[in-house]
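S.K.: Each step along the first sequence adds one to the number in the UniProt record's numbering, with nothing skipped, and position 322 is 322.
The beta carbon of each residue, even a glycine, is placed where N, CA and C say it ideally should be.
These numbers come from a predicted model, not from an experiment.
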Amino acid sequence: MTTDEKHIEAQQEAKLFFSRFLLEWYHLQKRDLPWRRHRNPYYIWISEIMLQQTRVDTVIPYFNRFIEQFPTVEALADAPEEEVLKCWEGLGYYSRARNLQHAAKQVKELYGGQVPDDRDAVFSLKGVGPYTAGAILSIAFNRPEPAVDGNVMRVLSRYFRIEDDIAKGPTRVKMEKLAAELIPEGEAGSFNQALMELGALICTPKSPRCLPCPVMEHCAARLAGCETSLPVKTKAKPPRPEERLAALVEGRGEHAGRVLIRQRPASGLLARMWELPHWPAPPAEAGGARGALLPEAAALDRLRRSMSQAGILARPEGHWMAAEHTFSHIVWTLQVYRCREEAALPLAAESRAVYGAALVERGDSALGAESGAAHAGRGDSTLAAALEAQPAEDAPLALFDSGDAAADAADSGAQRWISREDMKNYAFPNVFLKLLNSYFDEQGT
DNA sequence: AAGACGGGGCA
DNA sequence: TGCCCAGTCTT
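Next comes the structure, spelled out in structure tokens:
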């Protein structure tokens, strides 16, 4: 027998060992999770979408609420989008929620409300890629398909000492091929979950717990002492900083006790979520330290102009607090200013057009009374009208690239005056949820 | 192939 | 506080 043949034989033995002992460990150690209590393909599907980029402990309460509110594919397909988004509030990557509902409509219309068990059909669902397709097919239908996520790539790269960069596309394909070979006959669902469970509980990114690992004896990385340097992965580039001025506008008169919020556009960052209005801060003065707080007067002036341009009748009064919001590609620093709504005064003819455009969206219709789609496509004309009607002494804001065209286009979106009670009807990103709660706490309302 | 797209846990 | 985690869609 040649050296190569011996190597192949040893490799084969390592694979058999791995599959057998991992599966045995899983049957003894698996966690009791809500989506493991039934083998309902809909539950499996929802859980897998939620588990993308999100840990199990975070997902559990969201999963339970979601299933309670949308118990079936049809319930999800027929729900108002705002309700789905509200149910996803705080979970992040909100396009997952939109895609999920789109896919529910696909399942309802194309497959009679039954999650398909066919590879091409599952893969064609919006929001379902190679990993999720494999997870649904194997866990819900016990089909021998690989389900390779970050946990699986970490486990396999260590056990087989694979040094390929897991951030590269071809590496995932290679891992899928390997993972498929490891699936024991008739055990696809349990085996794929076992692989992920090991990655989550034992073979963790930082300091893997090798001693209780069921497959440590034949782990190539452990034997070579290099388990903490695997997997190889190119690191992401740091998020770019972005300074923004936000307005917490306190209502007066009929809006007393309420604050102004607006809805973001239908696409892009935080699509269709609600927020406090905010705009790019002007670049800091030359000589000033990067990220330095803008002089109060300059910030107040800037905010006054931004609000005026957005058709918000309010006067900035002073700095309230700062908040930070980190995305994977941007870091927002929000300087929040308290502002007071101004009573509408008799308007010059040319100013009326500015305010009129924004007032169209005002009102207090209940959740679901309108969809963001109703506003799509209106933005340009409204903004153009506002710019054109800008009074001469209040020159249009200098243009500079804020990097968030979506947020800046939100000037033409829907606005609402809300109390703390009304917050339950709108979906907010976490940073605004925290700001609004702080504000209402301070007010004692 | 690279960038867009949130939020939380850990040392 | 800074570092790490990572599926799918879009360009």
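Kindly indicate which three-state DSSP category Thr58 falls into: helix, strand or coil?
M.R.: helix
S.K.: Measuring CB to CB, does Arg302 end up less than 8 Å from Pro277?
M.R.: no
S.K.: Once you ignore the five residues that flank Cys219 on each side, which residues in its own chain have a CB closer than 8 Å to its CB?
M.R.: Arg158, Tyr159, Cys210, Cys213, Glu227
S.K.: Does the count of Cβ pairs from the region 63–73 and the region 116–127 closer than 8 Å reach three?
M.R.: Taking 8 Å as the limit for Cβ pairs, the verdict is that the region 116–127 does not touch the region 63–73.
S.K.: Go through its chain and collect everything with a Cβ distance to Ala322's Cβ below 6 Å, but skip five positions before and after it.
M.R.: Gln335
S.K.: Determine the closest residue to Leu198 out of Pro144, Arg31, Leu51, Glu296, with distance taken between C-alpha atoms.
M.R.: Arg31
S.K.: Answer yes if the region 137–152 comes into contact with the region 182–196, meaning at least three C-beta pairs across the two stretches below 8 Å, and no otherwise.
M.R.: yes
S.K.: Measuring alpha carbon to alpha carbon, tell me which residue in Ile49, Glu9, Leu16 is nearest Glu185.
M.R.: Leu16
S.K.: Identify the continuous beta strand (DSSP E) that holds Glu296 and give its terminal residues.
M.R.: Glu296 -> not in any beta strand (DSSP E); alpha helix (DSSP H) instead, spanning 296–309.
S.K.: Keeping to the same chain, check which residues put their C-beta closer than 8 Å to that of Ser207; ignore five residues upstream and five downstream.
M.R.: Thr228
S.K.: What number of angstroms, rounded off, separates the C-alpha of Ala389 from the C-alpha of Pro130?
M.R.: Residue confidence is low: Ala389 scores 38 on pLDDT, short of 50, so the model does not pin down where it sits. No coordinate-derived value is stated.
S.K.: If we count the other Cβ atoms within 10 Å of its Cβ and call it buried at 16 or more, is Gln12 buried or exposed?
M.R.: exposed
S.K.: Straight-line CA distance for Asp164 to Arg172?
M.R.: 10 Å
S.K.: Do the CB positions of Gly251 and Leu260 come within less than 8 Å of each other?
M.R.: yes
S.K.: Taking the C-alpha atoms as reference points, what is the distance between Leu435 and Pro170?
M.R.: 43 Å
S.K.: Are the region 16–25 and the region 104–116 touching, with three or more C-beta to C-beta distances below 8 Å?
M.R.: no
S.K.: Going by C-alpha distance, which of Met196, Ala224, Glu324, Thr58 is nearest Ile162?
M.R.: Ala224
S.K.: Taking Asn40 as the reference, which of Ile136, Ala179, Ala188, Leu85 has the closest Cα?
M.R.: Ile136
S.K.: Between the C-alpha atoms of Ser328 and Lys235, what's the straight-line distance to the nearest angstrom?
M.R.: If I take the Cα positions, the gap works out to 12 Å.
S.K.: Pick out whichever of Gly112, Arg240, Val122 has its Cα sitting closest to the Cα of Arg143.
M.R.: Val122
S.K.: Reducing DSSP to helix, strand and coil, say where His329 ends up.
M.R.: coil
S.K.: Any idea what DSSP makes of Cys226, helix, strand or coil?
M.R.: DSSP places Cys226 outside both helix and strand once states are collapsed to three, so it counts as coil.
S.K.: Give every residue of the same chain whose Cβ lies closer than 6 Å to the Cβ of Asp411, excluding the five residues on either side of it in the sequence, and list them in chain order.
M.R.: Ala310
S.K.: Hey, is the region 92–100 in contact with the region 261–274, meaning 3+ C-beta pairs nearer than 8 Å?
M.R.: yes
S.K.: Please report the straight-line C-alpha distance between Lys6 and Leu178, rounded to a whole angstrom.
M.R.: 19 Å
S.K.: If you draw a straight line from the alpha carbon of Met50 to that of Pro61, how long is it in whole angstroms?
M.R.: 11 Å
S.K.: Among Val431, Arg262, Ala298, which has the Cα closest to the Cα of Gly413?
M.R.: Arg262
S.K.: Can you tell me the Cα-Cα spacing of residue 446 and Arg264, whole angstroms?
M.R.: A query on residue 446 cannot be resolved here, the shown segment of the chain reaching from 1 to 445 and no further.
S.K.: Could you pull out every residue in the same chain whose Cβ sits closer than 6 Å to the Cβ of Met175, ignoring the five residues on either side in sequence?
M.R.: Val148, Met153, Leu156
S.K.: Can you check the region 172–206 for any alpha helix (DSSP H) of at least 4 residues that lies completely inside it and give the ranges in chain order?
M.R.: 188–201
S.K.: Less than 8 Å between the CB atoms is what I'm expecting for Ala427 and Lys126, so what's the real figure, rounded?
M.R.: No, Ala427 and Lys126 are not in contact; Cβ-Cβ is about 19 Å, not under 8 Å.
S.K.: Quick one: what's got a C-beta closer than 6 Å to Gly90's C-beta in the same chain, skipping five residues either side?
M.R.: Asn430
S.K.: Checking the sheet assignment: what are the DSSP bridge partners for Gly318?
M.R.: Arg338
S.K.: What would DSSP say about Gln101, mapped onto helix, strand or coil?
M.R.: helix
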